[in-house]
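Asker:
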Amino acid sequence: MKTEQMDEMLQTYLKDPEKQPWPVAEWAFTRPEEIPFAAAVRAACEANLCGRYGTCWTCPPGVGEWEALRDEYRRFERALVFSTCHPLEDSFDFEGMQEGRLAHDRLDEAILALMAGAADSAADSAEEAGKARITDTADTPSHAPDATNATNATNATGATGATGTTGKARENRAARFVLLGAGGCSLCEKCSYPDVPCRHPDKARRSMEACGIDVVSLSRNLGLRYMNGENTVTYFSVLFYRSAPGTEANLLGCRREKTESFS
Ligand code: SF4
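So the mapping is simple: the working numbering equals the position in the sequence shown, first residue as 1, plus 6.
This is how it looks when you write it as structure tokens:
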């Protein structure tokens, strides 16, 4: 699927609150190189005001070096930034904040499922195309130059070819898109950090701030409201995506060290 088609698919979804588990408040498309990353954001993590520093694979330092993450995300073609807004009883309503965060996470999941569905259907179409090509060339001797070229040409796109690599193509969807959410991962009752690798590298999501994204500047630059008034809390996520898989090995997982991945 081309990036323009992905843009269109996402726009259709964003404009349809009926399909969203929690309504998107605002959104904006941008180029990954326009996303501001800053050392100061990571320094704020190190101050550990949230208490998550050094406790989770998706928070510093386990999440990786912010410069390396910045470079990795800037290799994507597009970025979608979106927010959700949640009512609170008052500014001390921590339960309401947690409920809002869970609702925002459900929206993240829904958008990831949309992207995964599109990637799988592209893989299936590529497989069908590969089968069709085999059928077309079934009477052609296997040593014939045309048959060889057909196989190589299909595989060269990174999609499924005559050798039947649908499973691999589906795995590659992880390299087509990645979502950074709000706050550190809370999937497990107790994170495995730092003793053993992340238990769910395919589900754990890094937070925008943990990766060094300056969400205040980003929202201002894109004309999105960072806050939505008294007794509300606003959460942000960013989805990076591209039309073809990249070469990075570990986009959705967590890193043990900056140079080692275990996805
Ligand atoms: S999925 Fe579990 S092990 Fe992995 S980062 Fe989240 S809490 Fe930690």
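No residue lacks a Cβ here, since even glycine has one placed at the ideal position from N, Cα and C. Computed from a predicted structure; not experimentally measured.
1) Can you tell me the Cα-Cα spacing of Thr90 and Leu118, whole angstroms?
2) Under the rule that 16 or more other beta-carbon atoms within 10 Å means buried, what is Gln17, buried or exposed?
3) Helix, strand or coil for His206 per DSSP?
4) Take Cys197 as the anchor and find which of Glu115, Val69, Leu20 has the nearest alpha-carbon.
5) Between Cys194 and the rest of its own chain, which residues show a CB-CB distance below 8 Å, the 5 nearest in sequence each way excluded?
6) How about Ala188: is its Cβ closer than 7 Å to a heavy atom in ligand 1?
7) Going by the beta-carbon positions, is the gap between Met233 and Ala124 smaller than 8 Å?
8) So for Glu32, helix, strand or coil by DSSP?
9) Heavy atom of ligand 1 less than 7 Å from the Cβ of Gln217, yes or no?
10) Is it buried or exposed for Ala159, if we count other Cβ within 10 angstroms and need 16 for buried?
11) Count the other C-beta atoms from every protein chain shown that fall within 10 angstroms of the C-beta of Ser97, then say buried if there are 16 or more, exposed otherwise.
12) Just to confirm the assignment: which complete alpha helix (DSSP H) runs, minimum length 4, are found wholly within the segment 48-80?
13) Please report the distance separating the alpha-carbon of Gln104 from that of Leu230.
14) How many whole angstroms separate the CB atoms of Leu224 and Pro42, which I take to be in contact at a CB cut-off of 8 Å?
15) Answer yes if the segment 37-52 comes into contact with the segment 212-227, meaning at least three C-beta pairs across the two stretches below 8 Å, and no otherwise.
16) What number of angstroms, rounded off, separates the C-alpha of Lys25 from the C-alpha of Arg211?
17) Should Arg58 go down as buried or exposed, given a rule of 16 or more other Cβ atoms within 10 Å for buried?
18) Taking Asn237 as the reference, give the member of Ala122, His92, Glu115, Glu32 with the closest Cα.
Answerer: The relevant details are as follows:
1) In the sequence shown, the residue the question calls residue 90 occupies position 84. In the sequence shown, the residue the question calls residue 118 occupies position 112. Straight-line Cα distance between these residues: approximately 16 Å.
2) For this step, residue 17 is matched to residue 11 along the sequence shown. Counting Cβ neighbours within 10 Å, Gln17 comes out exposed, since fewer than 16 surround it.
3) The count along the sequence shown starts at 1 and reaches residue 206 at position 200. Correct three-state label for His206: coil.
4) Along the sequence shown, read from residue 1 onward, the residue named residue 197 stands at position 191. Taking only the C-alpha atoms, the option nearest Cys197 is Val69.
5) As a working note, residue 194 is residue 188 in the sequence shown. Same-chain partners within the cutoff: Arg205, His206.
6) Translated into positions along the sequence shown, residue 188 becomes position 182. Checking the Cβ of Ala188 against ligand 1 gives no.
7) Locating residue 233 in the sequence shown gives position 227, where the first residue counts as 1. Locating residue 124 in the sequence shown gives position 118, where the first residue counts as 1. No, the pair does not count as a contact, with Cβ atoms beyond the cut-off.
8) Locating residue 32 in the sequence shown gives position 26, counting from the first residue. Correct three-state label for Glu32: strand.
9) Translated into the one-based positions of the sequence shown, residue 217 becomes position 211. Position check: residue 217 holds Cys in this sequence, whereas Gln was assumed. No, Cβ of Cys217 sits at least 7 Å from all heavy atoms of ligand 1.
10) As a working note, residue 159 is residue 153 in the sequence shown. Low per-residue confidence applies at Ala159: pLDDT is 26, beneath 50, and the placement is therefore not dependable, though the value from the model is reported in the following sentence. The residue is exposed, with fewer than 16 neighbouring Cβ atoms inside 10 Å.
11) Here the question's residue 97 lines up with position 91 in the sequence shown. Ser97 is exposed by the Cβ-count criterion.
12) 72-79
13) Counting from 1 along the sequence shown, the entry for residue 104 is found at position 98. Counting from 1 along the sequence shown, the entry for residue 230 is found at position 224. Looking at the two C-alpha atoms, the distance is approximately 22 Å.
14) Taking the first residue of the sequence shown as position 1, residue 224 is located at position 218. Taking the first residue of the sequence shown as position 1, residue 42 is located at position 36. Leu224 to Pro42, Cβ: 6 Å. Contact.
15) yes
16) Against the sequence shown, residue 25 aligns to sequence position 19. Against the sequence shown, residue 211 aligns to sequence position 205. Rounded to whole angstroms, Lys25 to Arg211 spans 22 Å at the Cα level.
17) Here residue 58 refers to the residue found at position 52 of the sequence shown. Arg58 is buried by the Cβ-count criterion.
18) By one-based count along the sequence shown, residue 237 stands at place 231. Nearest C-alpha to Asn237: His92.
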